[in-house]
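Enquirer: This is the structure I want to talk about, given as structure tokens.
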Amino acid sequence: MKYPQITHHGAVASVTGSCHELHMDEHHSLLVDCGTLLEPVEGKEPSAVNSVQFALDTVKVLVLSHVHADHVGRIPELLAAGYSGPILCSEPSAHLLPVVLQDAFSHQFGRSAEELEDYLAMINKRIVALPFDQWFTIVEADQLVCRVRLQRAGHILGSAYVECDINYPLESRNKRVVFSGDLGSSHTPFLPSPKSPERADILVLESTYGDRLHEDRASRQQRLEAVIDQALVDNGTVLIPAFSIGRTQELLYEIEDILRYKALAGAPFPADPEGIEAGSAAGWSQLPVILDSPLAASFTKIYRDFNDYWDAEAQERLSEGRRPLAFEQLITIDSHDKHLQVVNYLSSTKRPAIVIAGHGMCAGGRIVNYLKAMLGDSRHNVIFVGYQVKGTPGAAIQKYGPQGGYVELDRERFAINAGVTTVGGYSAHADQGELIEFVTGMSEWPTEIRLVHGEINAKKTLGASLNRKYATKKRAVTITN
């Protein structure tokens, strides 16, 4: 067998569940990510779908691109299956990962506080934090030398694409394999856009948005502002389902800017809440922005702590004395009892508010209680800012809400009378143009590209576009989708 070889243990026929094994020779391999499959699979229990069913005897290290659940959620199963090696990731990811795994481990396995503490101590011993743009040696032997390097991917804080440099000294042969992880898009707050690697022989490339271009991201904040304005006219609550890491922090960053601008400009407040003069500008400085997710609050603190990884625009706001992730109107809800009180208060009064709560696809988390209490009331509005996977409650609300349909939540039907709006441009994934640019920006284009992490049409469309680019340069490429 000619090495290197790649085996995909997830995210081949799905958008989630990323897990890729790079076989360097018959005795050495590494894993890039070990994520949870989030899409429902007919006839299979989630525990069966997300179990680790591959041999681990050659796996020397686990390298993480970033800490979203569909890239790290199977780590508890991986450890239970016998993996005992190190977990390599960027420095910000090293701080984020224990928070993610604590949540996953407690929910999936329901362990006691003592068991959870022991588990996290074990995780922390395994984590090796790597700085960006520095090579780290994995294997060094007469017949094989392998180094890995993390480069900024711009997807969420700490996200990386993984470069693997494999040298076979006895054969005088070298291969560069690059795993894109999830690549970020342009105009994303906080983080610099990713830069293409120098070269790759084999590229494993995500394709989530391989068949489309994002809406104008430069104007997305203005579109969000317009939707919030309209929603507040109804004296109801604006519900924004969002994932705890990445999307939540972007929303807070842009909402702070919207409210600050409106207050400074003296813009009339569209709602007429109790105690505020109708049409006055005072409402903007009193509008509560409720972050109802302990997990998101933990991640937001880490984002604040790692503000040296923010981009130039975000750094400028800090230098002006602004607090994009800790502004005065931001209210964080910790306890479950307080959460229920807020749900009851907002559903029974005419007090306008903006609520950000997980899960981003409404498949669990505190957003479900808000939806149960408010979907039937036309005063409230749901704003989707993220991709809704088929089969999830979020996708059903997005599709059937405008038709006055219903959605099933916890096996109960709820009528959708609330407003439902989708604001595009908030995807944290690169679109087709940016994915192609990631490839064509290399000094040496890959001779093999494997498209993963995308639906069938997205992969086929991206593959066809890449083939056309290669044809114009008269270069050969093998594209697997």
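Going by our numbering, the letters in the sequence shown line up with residues 175 to 655, in that order. Using N, Cα and C, we set each Cβ at its ideal position, and we do this for glycine too.
1) Would you please verify whether the beta carbon of H240 is less than 8 angstroms from any beta carbon of chain D?
2) For V319, which of F353, P178, L365 and S239 has the nearest alpha-carbon?
3) What residue range is occupied by the uninterrupted alpha helix (DSSP H) comprising T635?
4) To the nearest angstrom, how far is it from the Cα of S381 to the Cα of A632?
5) Can you tell me the Cα-Cα spacing of E463 and G328, whole angstroms?
6) Out of curiosity, what's the CA-to-CA distance linking H603 and V563?
7) Buried or exposed, going by whether 16 or more other CB atoms sit within 10 Å of the CB of M548?
8) Quick one: Cα of R478 to Cα of L499, how far?
9) Please report the distance separating the alpha-carbon of P343 from that of Q317.
10) Per DSSP, what kind of secondary structure is V241 in: helix, strand or coil?
11) Assuming contact is defined by CB atoms lying nearer than 8 angstroms, are S418 and A374 in contact in what I supplied?
12) Taking the C-alpha atoms as reference points, what is the distance between F588 and Y544?
13) Tell me whether P363 counts as near the ligand GTP, meaning its Cβ is closer than 7 angstroms to at least one heavy atom of that ligand.
14) Between which two residues does the alpha helix (DSSP H) holding D339 run?
15) May I ask which residues mark the beginning and end of the beta strand (DSSP E) holding E586?
16) Applying the 10 Å Cβ sphere with the 16-neighbour rule, what's the burial state of N641?
17) Contact defined as beta carbons within less than 8 angstroms: I believe D244 pairs with L271. What is the distance between those atoms, to the nearest angstrom?
18) Using the three-state DSSP reduction, which class does P468 fall into: helix, strand or coil?
19) With the cut-off set at 8 angstroms, would you say L196 and S188 are in Cβ contact?
20) Mark N518 as exposed unless 16 or more other C-beta atoms lie within 10 angstroms of its C-beta, in which case mark it buried.
21) Determine which residues share a DSSP beta bridge with C320 and list them.
22) Are the Cβ atoms of R300 and I261 separated by less than 8 angstroms?
23) With DSSP as the reference, please indicate the residues paired to A531 in a beta bridge.
24) Indicate whether the contact test is met: 3 or more Cβ pairs, each with one atom in the region 388-401 and one in the region 524-539, closer than 8 angstroms.
25) Name the DSSP beta bridge partners of I571, please?
26) Using the beta-carbon count (16 or more within 10 Å), is I630 buried or exposed?
27) Quick one: what's I301 bridged to in DSSP?
28) If we ignore side chains and look at the alpha-carbon of each, how far apart do S459 and L304 end up?
29) Under 6 angstroms Cβ to Cβ from P468, same chain only, skipping five residues before and after it: list those, please.
30) Compare the Cα-Cα distances from S360 to each of W619, Y600 and L504 and report the closest residue.
31) Assign M175 to one of three DSSP states: helix, strand, or coil.
32) Give me the Cα-Cα distance between D408 and S552, rounded to the nearest whole angstrom.
Expert: So, from the data block:
1) The question asks about chain D, but that chain is absent: this structure has only one protein chain.
2) P178
3) I630 to T646
4) 6 angstroms
5) According to the sequence provided, residue 463 is Val. The question's Glu does not apply to it. One C-alpha to the other measures close to 26 angstroms.
6) 14 angstroms
7) buried
8) 7 angstroms
9) 6 angstroms
10) coil
11) no
12) 12 angstroms
13) The ligand content of the structure shown is nil, which means the ligand GTP is not present either.
14) Unbroken run through D339 is the beta strand (DSSP E), A334 to Y342; no alpha helix (DSSP H).
15) E586 to A589
16) exposed
17) Actually they are not in contact, since the Cβ atoms of D244 and L271 sit about 14 angstroms apart, beyond 8 angstroms.
18) helix
19) no
20) exposed
21) V313 and I340
22) yes
23) P415
24) no
25) DSSP output for I571 lists no bridge partner at all.
26) exposed
27) I261
28) 42 angstroms
29) D508
30) Y600
31) coil
32) 8 angstroms
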